[in-house]
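Undergrad:
Protein chains: 2
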Amino acid sequence: MAQPKALIGSSSTLYEVVREEIIKRIKNGTYKPEELIPSASALSDEFNVSPITVKRALQDLRSAGFLISIAGKGSFVKKQSRVLRKLDVSRLVLGGDSLKLLSITREKITDATMLAFNPPSEPMLCIRKIVYIDDAPFLYDATYISRDVGDDLIEEFGKTFVISALEKRSIQVTNTDLIIDAAPAGGQVEDVFGIPTGYPLLRRFYKFTTNHKDITVYGMLQAPFDQLACTISLPGKPTK
Amino acid sequence: MAQPKALIGSSSTLYEVVREEIIKRIKNGTYKPEELIPSASALSDEFNVSPITVKRALQDLRSAGFLISIAGKGSFVKKQSRVLRKLDVSRLVLGGDSLKLLSITREKITDATMLAFNPPSEPMLCIRKIVYIDDAPFLYDATYISRDVGDDLIEEFGKTFVISALEKRSIQVTNTDLIIDAAPAGGQVEDVFGIPTGYPLLRRFYKFTTNHKDITVYGMLQAPFDQLACTISLPGKPTK
DNA sequence: GAGTGGTCTAGACCACCCT
DNA sequence: GGGTGGTCTAGACCACTCC
C-alpha cells in the first residue's frame with residue numbers, strides 16, 4: 001500500500017500523529033466546539049491510514065476530554081467551560097444547584113487517601129449524593145459521619161449539605177482539613193458523569209472537626225477535571 | 001469458539017471484565033506491588049479471550065496508574081506511595097531534592113487556566129525546570145516573570161526556586177493566588193515523567209504579587225496524580 | 001531464538017441514529 | 001438501509017529483553 005502521508009508533529013507512531021494533528025485542528029479552530037468532526041473513515045482516507053488507527057487516536061482524544069463520541073452520530077468537539085470555585089468546601093450548593101441523594105449506608109472508610117485523616121475504623125454513616133448544575137452532574141460527594149444521629153437529621157442529609165444540617169442544631173465546625181488530589185475515574189463515578197475509564201478527576205477530601213467531641217465529618221468531593229478548578233488566596237509570606 | 005468465561009464485575013464488554021478482574025487481583029494482593037503479572041498471552045488463555053483484548057485491558061490499567069509495561073520484560077504492578085505536601089508553593093526544594101533546568105525562554109502566557117490570573121499579554125521570561133526526588137522526576141515547573149532581570153539572577157533561576165532568588169534581593173511576596181486543578185498529560189510532560197497520554201496530573205497555578213510593583217511571578221507546577229497530593233488546614237468557619 | 005509488549009491492518013459483528 | 005462509533009478477533013511486523 002501507499003506510504004502513509006507525512007504529517008506535522010514529532011510523534012513516532014501513526015495514531016499519535018493522527019491524534020496530534022486533530023488536537024492541532026481543535027486548537028486552531030478548524031474543528032470548533034460543539035461541532036461534528038469528520039468520521040473515522042473520512043479521516044482514514046485523508047490521513048491514508050486504517051480506520052482502526054483513527055479510532056485509536058479518537059480514543060485518546062476522548063480520554064483527554066477533547067471529544068465526545070456518540071454511536072450513530074459521530075464525534076463532537078467538547079466545549080470547554082470550567083467553573084472556578086473557592087477551595088472552601090463547606091457549602092456544596094449555590095444558586096441554581098440541585099441535589100440528588102444516591103444512598104445512605106453504613107460503611108467503613110477504606111479509601112487510601114482518606115486514611116491520612118486517621119478516621120475511626122468502625123463503620124460510619126455514609127451519604128452519597130450528586131450535585132447538579134443546569135441538570136448536568138457537577139459534583140459527586142460521599143460524606144461519612146462518626147456518630148449515630150436521629151432519623152430526622154438523616155432525612156435532611158438528602159436535601160442539604162451535612163454541615164448545614166449540623167449547624168441548624170448549633171454544631172459548629174472548628175477546623176477544616178483538606179487534601180486535594182487528582183485521580184483517574186473508575187467504577188461508579190464513570191457512570192455518574194458519563195466519562196471513560198481513566199478520565200482525570202479533581203478530588204477534595206475533607207475532615208470537619210466540630211465543637212461536639214463525638215462528631216467529626218469526613219468526606220470526598222469529585223468532579224471531572226474539565227468542570228472544576230479550585231482557587232485560594234494566601235496572605236503574603238512572612239520574611240522567614 | 002468456546003463461550004468466554006463468566007467473570008465477576010458488572011461490566012459489559014470483554015476488556016472491561018478483564019480489566020476489572022485484574023484490578024481486583026491487584027487490590028486483594030494476588031498481584032503484588034513491584035511484581036510481574038502474567039503475560040498477555042497467559043491471561044488470554046486464562047480468560048479465554050484474544051490476547052489483543054487483554055492488551056486493551058492492560059492499556060486502560062496503564063492509563064489509570066495500576067501498571068507499568070516494559071517491552072521484552074512484561075507488566076508490573078505499580079507501587080503506590082504518594083507524597084503529601086502543604087499547599088503553600090513558595091518552596092520547591094526540600095531536603096534531598098535536586099533541580100534540573102530545562103530551558104529559559106521568552107514566551108507569552110497562553111495556558112487557558114493561567115489566564116484567570118490576568119497576566120500581562122506581552123512575552124515574559126519563562127523558566128522551565130524539573131524537581132527530582134531520589135533521581136526520579138517529581139515536579140515539573142514553569143515560571144513566568146514579568147520584568148527584565150539581570151543575567152546573574154537568571155543564572156540563579158536555574159539553581160533555585162525563583163522566589164528564593166528574589167528574596168535574596170529583598171523582594172518579598174505580599175500575596176499568593178493559587179488555582180488547583182487536574183488535567184490529562186500531553187506533550188512535554190509525558191516525556192518528562194514517562195507517563196502515557198491522558199495520565200491524570202495534579203496542577204497548581206500560582207501568582208506571586210511582590211512589594212515591587214513591576215515584579216509579579218506566574219507559574220505552574222505539575223505532577224502525576226500518583227506522586228503528589230496537597231494538604232491545607234483552614235480555621236474553623238465563623239458562625240456565618 | 002523465544003518470549004514479551006506495542007503497533008497496524010483487515011474483516012466481521014453489533015448497537016445506534018437518521019432519513 | 002446506510003452511516004456512525006465500538007468491540008473482538010486474527011495475523012503480521014517491530015523492538016526489546018533475557019538466555
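Respectively, the protein sequence lines represent chains A and B. Residue numbering for the first sequence follows full-length UniProt numbering, beginning at 1 and increasing consecutively. Residue numbering for the second sequence follows full-length UniProt numbering, beginning at 1 and increasing consecutively. Yeah, the Cβ is synthetic: ideal placement off N, Cα and C, and Gly gets one too. Predicted model, so just to flag it, every value in this text is computed and none were measured.
(1) Run through chain B and tell me which residues come within less than 9 Å of Asp177 of chain A, C-beta to C-beta.
(2) Tell whether a beta-carbon distance below 8 Å holds between Val162 of chain A and Thr143 of chain A.
(3) Distance check for Glu16 of chain B and Pro4 of chain B, CA to CA, integer angstroms please.
(4) Check for me: the beta strand (DSSP E) holding Ala142 of chain B runs from which residue to which?
(5) If you run the structure through DSSP and keep just helix, strand and coil, what is Leu228 of chain B?
(6) Does the region 193-204 of chain B come close enough to the region 115-125 of chain B to have 3 or more Cβ pairs within less than 8 Å?
(7) Going by CA-CA distance only, name the one from B:Ser39, B:Arg62, B:Lys79 that's closest to Lys72 of chain B.
(8) Any beta carbon of chain B sitting closer than 8 Å to that of Ser44 of chain A?
(9) Please state the DSSP three-state secondary structure of Ile154 of chain B.
(10) For a contact defined as C-beta to C-beta under 8 Å, what are the partners of Phe225 of chain A on chain B?
(11) Residues of chain A with CB closer than 7 Å to the CB of Thr113 of chain B, please, in chain order.
(12) Whole angstroms is fine: what's the gap from Leu14 of chain B's alpha carbon to Ala57 of chain B's?
(13) Which residue or residues does DSSP assign as beta-bridge partners of Thr216 of chain B?
(14) Find the residues of chain A that neighbour Gly65 of chain B, judging by a C-beta separation of less than 9 Å, and give them in chain order.
(15) Using a C-beta to C-beta distance shorter than 8 Å, which residues of chain A count as neighbours of Gln60 of chain B?
(16) Counting only the same chain and skipping the five closest in sequence on each side, list residues whose C-beta sits under 8 Å from that of Val189 of chain A.
(17) So, helix, strand or coil for Pro51 of chain A, using DSSP?
(18) Using 10 angstroms around the beta-carbon of Lys213 of chain B, count the other beta-carbons present and answer buried if the total reaches 16, otherwise exposed.
(19) Taking CB distances under 8 Å as the criterion, tell me whether Leu14 of chain B reaches chain A.
(20) Any beta carbon of chain A sitting closer than 8 Å to that of Leu36 of chain B?
TA: To lay it out plainly:
(1) Ordered by position in chain B, the residues that pass the 9 Å Cβ test against Asp177 of chain A are Thr231, Ile232, Ser233, Leu234.
(2) Against a cut-off of 8 Å, the Cβ pair of Thr143 of chain A and Val162 of chain A comes out as a contact.
(3) For Pro4 of chain B, the predicted structure reports a pLDDT of 40, less than 50, and the residue's modelled location is therefore unreliable. The matter cannot be settled from this model.
(4) 136-145 is the extent of the beta strand (DSSP E) around Ala142 of chain B.
(5) Strand at Leu228 of chain B.
(6) As far as the Cβ criterion goes, the region 193-204 of chain B does not touch the region 115-125 of chain B, which means the pair count is below three.
(7) Looking at the sequence shown, residue 72 of chain B is not Lys but Gly. Among B:Ser39, B:Arg62, B:Lys79, the Cα nearest to that of Gly72 of chain B belongs to B:Ser39.
(8) It does not; no Cβ of chain B falls within 8 Å.
(9) Reduced to three states, the DSSP call for Ile154 of chain B is helix.
(10) Ordered by position in chain B, the residues that pass the 8 Å Cβ test against Phe225 of chain A are Asp181, Ala182, Ala183, Pro184, Pro200.
(11) Within chain A, the residues near Thr113 of chain B are Ala229.
(12) Distance between the alpha carbons of Leu14 of chain B and Ala57 of chain B is about 9 Å.
(13) Looking at the DSSP assignment, Thr216 of chain B forms a beta bridge with B:Thr209.
(14) Under the 9 Å cutoff, chain A gives Ala183, Pro184, Gly198.
(15) The identity of residue 60 of chain B in the sequence shown is Asp, whereas the question assumes Gln. Within chain A, the residues near Asp60 of chain B are Thr197, Gly198.
(16) Non-local C-beta neighbours of Val189 of chain A in its own chain, meaning closer than 8 Å and more than five positions away in sequence, comprise Tyr140, Ile195, Leu201, Gln222, ordered along the chain.
(17) If DSSP states are grouped into helix, strand and coil, Pro51 of chain A belongs with the helices.
(18) Of the other Cβ atoms in all chains shown, fewer than 16 fall within 10 Å of the Cβ of Lys213 of chain B; this residue is therefore exposed.
(19) Not one chain A Cβ lies under 8 Å of Leu14 of chain B.
(20) False, the Cβ-Cβ gap to chain A never drops below 8 Å.
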